[in-house]
Every structure is written in C-alpha cells, then in structure tokens.
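J.: Residues 2 to 354, numbered by the numbering used here, are exactly what the sequence shown covers, in order. C-beta: ideal position from N, C-alpha, C; glycine also. Just so we're clear, the structure is a prediction, and the values are computed from it rather than from any experiment. Below is a structure I'd like to ask you about.
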Amino acid sequence: MPTTIPQPTATEPSARTYRAAVVHDFHAPLSVEQVSRVALEPGQVRVKVEASGLCHTDIHAANGDWPVKPSPPFVPGHEGIGLVTELGPGVIEVAVGDRVGMPWLGYACGTCDHCVSGWETLCLEQKNMGYSIDGGFGEYATAYGRYVVKVPDGIDPFDAAPLTCAGVTTYKAVKVAGTRSSDLVAVFGVGGLGHLAIQYAAIAGGRVVAVDVLDEKLELARELGAEFTINAANDDPAEAIQRLGGADQAIALAVSPRAFEQAYGSLRRGGTLVFVALPADNEVKLPIFETVLNGITVVGSIVGTRAELREVFALHAAGKTRVIREVRPLDQVNESIADVEAGRVAARIVFEP
Ligand SMILES: [Zn+2]
Ligand SMILES: [Zn+2]
C-alpha cells in the first residue's frame, strides 16, 4: 500500500459536452456528435482521450453482430489511450495526469473465483469498454480506475492504442497456445491482431508461418519476423503447412469460419488451435475422429489481464515490438470501418479525437 493516498481531485472545469462517435442503430452509420458529460461514480476516472484504435470488435458492436448485443446509444472503442483528468470518489490506483489504456475488460468484480485466480477476463460481472461502458471513440471517456492500465513513459499513445486490445489479445493467445522455442506457429490473418501475433510468437521462440489472402500483408508479415508466408487465395494453407511438418500451434485471427477450419487442418499431431477472432457467422465444422486420434487441443482465448497488458507495454517500451498503424481523425469513423471491412488497411487505424 502507498504511504500517502492521493486525494480525489476535482479538476477540469471543461465543457458540459464533448464530441464522440455514437451508435444509435445497428447497421446505421455512427454519428459524431456532442454527448453529455456524466458525473463520475465511485471508482471511476475521466480520461481525455489522445488515441483510440479501431478493432474489428467495434464494428461487430456497431452492427449488433454477436449473440450478446450492446444497447444503443453507445460509444465504441476499447483501445482508448489518454490522460486522467478527474478522479471519482475513492480512486487510489491512478492520479490526475497519468497516461492510461482503457481495455476491453473495463470492470470486473475482483472477488469471484475467476478474478482471484488470474482469470479476471472470465468474470461474469465484467463490463466492457465500448460495449457495456461507453468507450474511447470520443474526446473523453469514463473508466474504472482499477481496470485502466498505466502506459509507461516513452510509448507513443498511437502505438499504445493497438497494444491495448490487438496486442494483449495476441500476446495472451500465444501464452494460451503454449508456444516454446522451435515450435511452428501458424498465424491465420495478418491484420491489426495478426501483425502483433507474429511478433509475440517469435518472441516466445516460435518459427512463424503467416497466412493471409493479400500479398502486401504477407510482405508485412515477413518484415515482422514470419519465416514462411502462404497466400490462401492461391494455395491451400493446410496442405502447405503440412508440407512444412504441420503447425504445433495455429492461431485463428481471421473473421472467417473457413480460416478456422484451415487452421485446424494445418496442425500436426498433438497440436493446439486457438480461437481468437469472432466472425459474425458463429459456426465452424471440425472432425471428431481426427481430433481424438491426433490429440488435438482446441481452446478459446479472450483478450488478456491487466498484468498481461503491462507485460505488453513493457515489451514495447523495450523496443521488442513494432506497431503498424495509421492515424485518422475520428470524423472518418464510418469510412474507416468500410476500409477495415474491405481489407484496405495495412494493420490498425487509430483515431485522434
Ligand atoms: Zn479488440
Ligand atoms: Zn469476478
């Protein structure tokens, strides 16, 4: 415990409203408009947003694609980075002026079995930034002091944003995969997540084979450390990876059930398939017989904990990772969503509010 507890500070005599990108209707464009500033509840902090990444999850949220839907109106964004400007009652974890990341895990109960065993990401009481809590697509955001993660000095906020979801999610997926030195790791999908997954798999000692349908993404994959690349539009990636001996682990990051099936088919005996992407089409077909006889593990992995996000930031601060991103004004939110859906973005778009 700190010896001096910072007192809640009422600061920022700023306007009663601020600009944010709001979802009013699934399948309608987001509206960039003035929203009301709300009073902070106990445990909450106000953050002046500097950068906010656009994740595929934000697009699924805005479209209401998944079985559990957010309730409009809401503000997407779970890669928000900004400076704390105001503390609600009882906040001791951060101080005014701290730069923080506001990840998908916006709140958890802190006391259930999941929370106390290092699996806070499975907490049933969790609230999610940009889904059940208004997220980072605005000039300001409200978050819980206990669940924001401080960004170390020296990290550019526009790099920190993609690390806050794409980074920690793929970092965790590589941990869940159990990658060890010399393992062959197949990364399916080289986008916002995939370009970081390649780097974390390599950091863990894996030899990486990257799969995508666009040659420019495969070139990026090679720049970032992939030893092999396969264009799935030209070659069957499962067969091509089997020719390399089969993957010890495959990480499914492309939002297509077909890519999940190809990832399964790329595994060697005893291999592990990690489900990470969340396609709108929620079904995948896997064979039982081969799963049993080949001793295959299939495991889902959802984001990462606060501790893992700290590790991700520390790796970046140490110069071990490269974030590929493009900065755009928040006003371009709808065009940016269209570009992500059409695959016209190298890796990540990060908004400046
Ligand atoms: Zn995300
Ligand atoms: Zn909990």
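(1) Kindly indicate the opening and closing residues of the alpha helix (DSSP H) around E261.
(2) Could you give the residue range of the beta strand (DSSP E) that holds I252?
(3) Look at the alpha carbon of E87 and the alpha carbon of T171, and state the distance between them as a whole number of angstroms.
(4) Could you check if W105 belongs to the surroundings of ligand 1, using beta carbon to heavy atom distance under 7 Å?
(5) Any chance you could list the alpha helix (DSSP H) runs of at least 4 consecutive residues sitting entirely within the region 148 to 218, in chain order?
(6) Apart from the five residues on each side of it in sequence, which residues of its chain come closer than 6 Å, Cβ to Cβ, to E13?
(7) Can you give the Cα-Cα distance for V334 and R326, rounded to whole angstroms?
(8) Three or more beta-carbon pairs under 8 Å between the region 58 to 68 and the region 33 to 47, yes or no?
(9) Would you list the residues sitting across from G83 in a DSSP beta bridge?
(10) For G58, is the beta carbon positioned less than 7 Å from some heavy atom of ligand 1?
(11) With a threshold of 6 Å on Cβ separation, who are the neighbours of V341 within its own chain once the five nearest residues in sequence on each side are excluded?
(12) Here's a check: name, in chain order, each residue in its chain whose Cβ is nearer than 6 Å to the Cβ of C113, leaving out the five neighbours to either side.
(13) Under 7 Å from any heavy atom of ligand 2, does the C-beta of T306 make it?
(14) For A281, which residues in the same chain have their Cβ closer than 6 Å to its Cβ, ignoring the five residues on either side in sequence?
(15) What residue from V212, A241, L287, G139 has the CA that sits closest to L254's CA?
(16) For R136 versus R20, is the C-beta spacing smaller than 8 Å?
(17) Skipping 5 residues on each side, what residues in its chain have a beta carbon closer than 7 Å to that of K286?
(18) With a cut-off of 8 Å on the beta carbons, I'd call I82 and A52 a contact; round off their distance for me.
(19) Look up S37 in the DSSP assignment and say whether it is helix, strand or coil.
(20) With a cut-off of 5 Å, give the chain-ordered residues whose Cβ is closer than this to any heavy atom of ligand 2.
(21) Any idea which residues DSSP pairs N129 with across the strands?
(22) Got a sec: does ligand 1 put a non-hydrogen atom nearer than 7 Å to the Cβ of H79?
(23) Less than 6 Å between C-beta atoms, sequence neighbours within five positions excluded: which residues of the same chain meet that for G54?
(24) According to DSSP, L294 sits in a beta bridge with which residue or residues?
T.: In this structure, then:
(1) The residue given as residue 261 occupies position 260 in the sequence shown. Reading the sequence as shown, one finds Phe at residue 261 and not Glu. Its alpha helix (DSSP H) spans residues 258 to 266.
(2) Looking up residue 252 in the sequence shown gives position 251. From DSSP, the beta strand (DSSP E) with I252 extends over 248 to 253.
(3) Numbered from 1 along the sequence shown, position 86 holds the residue referred to as residue 87. Numbered from 1 along the sequence shown, position 170 holds the residue referred to as residue 171. Approximately 31 Å between the Cα atoms of the pair.
(4) Taking the first residue of the sequence shown as 1, we reach residue 105 at position 104. Indeed, a heavy atom of ligand 1 lies less than 7 Å from the Cβ.
(5) 158 to 163, 169 to 178, 195 to 204
(6) Start at 1 with the first residue of the sequence shown, and residue 13 comes out as number 12. The pLDDT assigned to E13 is 48, lower than 50, so where the model puts this residue is not dependable, and the model offers no usable value.
(7) One-based indexing of the sequence shown puts residue 334 at position 333. One-based indexing of the sequence shown puts residue 326 at position 325. Distance between the alpha carbons of V334 and R326 is about 15 Å.
(8) no
(9) Here residue 83 corresponds to residue number 82 of the sequence shown, with the count starting at 1. Paired residue(s): V50, V101.
(10) Position 57 of the sequence shown, counting from 1, holds the residue named residue 58. Reading off the sequence, residue 58 comes out as Thr, not Gly. Yes.
(11) Here residue 341 is taken as the residue at index 340 of the sequence shown, counted from 1. Result list for V341: empty, nothing under 6 Å.
(12) Indexing the sequence shown from 1 puts residue 113 at position 112. Hits under 6 Å: C124.
(13) As a first step, residue 306 is located in the sequence shown; it is residue number 305 there, counting from the start. It does not: the Cβ of T306 is nowhere closer than 7 Å to a heavy atom of ligand 2.
(14) Stepping through the sequence shown from its first residue, residue 281 is reached at position 280. Here the set comprises D66.
(15) Translated into positions along the sequence shown, residue 254 becomes position 253. When each option's Cα is compared against that of L254, the closest is V212.
(16) On the sequence shown, position 135 is the one that residue 136 refers to. On the sequence shown, position 19 is the one that residue 20 refers to. Residue identity check: residue 136 is Gly in the sequence provided, not Arg. R20 is positioned such that its CB atom lies no closer than 8 Å to that of G136.
(17) Here residue 286 corresponds to residue number 285 of the sequence shown, with the count starting at 1. The answer, listed in chain order, is E262.
(18) Looking up residue 82 in the sequence shown gives position 81. Looking up residue 52 in the sequence shown gives position 51. The Cβ separation is near 5 Å, so the contact holds.
(19) Start at 1 with the first residue of the sequence shown, and residue 37 comes out as number 36. Strand.
(20) A109, C110, C113, C116, C124
(21) Position 128 of the sequence shown, counting from 1, holds the residue named residue 129. Paired residue(s): L106.
(22) As a working mapping, residue 79 is identified with position 78 in the sequence shown. It does: the Cβ of H79 is within 7 Å (strictly closer) of some heavy atom of ligand 1.
(23) Start at 1 with the first residue of the sequence shown, and residue 54 comes out as number 53. Excluding residues within five positions, the ones whose Cβ falls inside 6 Å are E80, A162, P163, R349, V351.
(24) Stepping through the sequence shown from its first residue, residue 294 is reached at position 293. Partner(s): none; L294 has no beta bridge.
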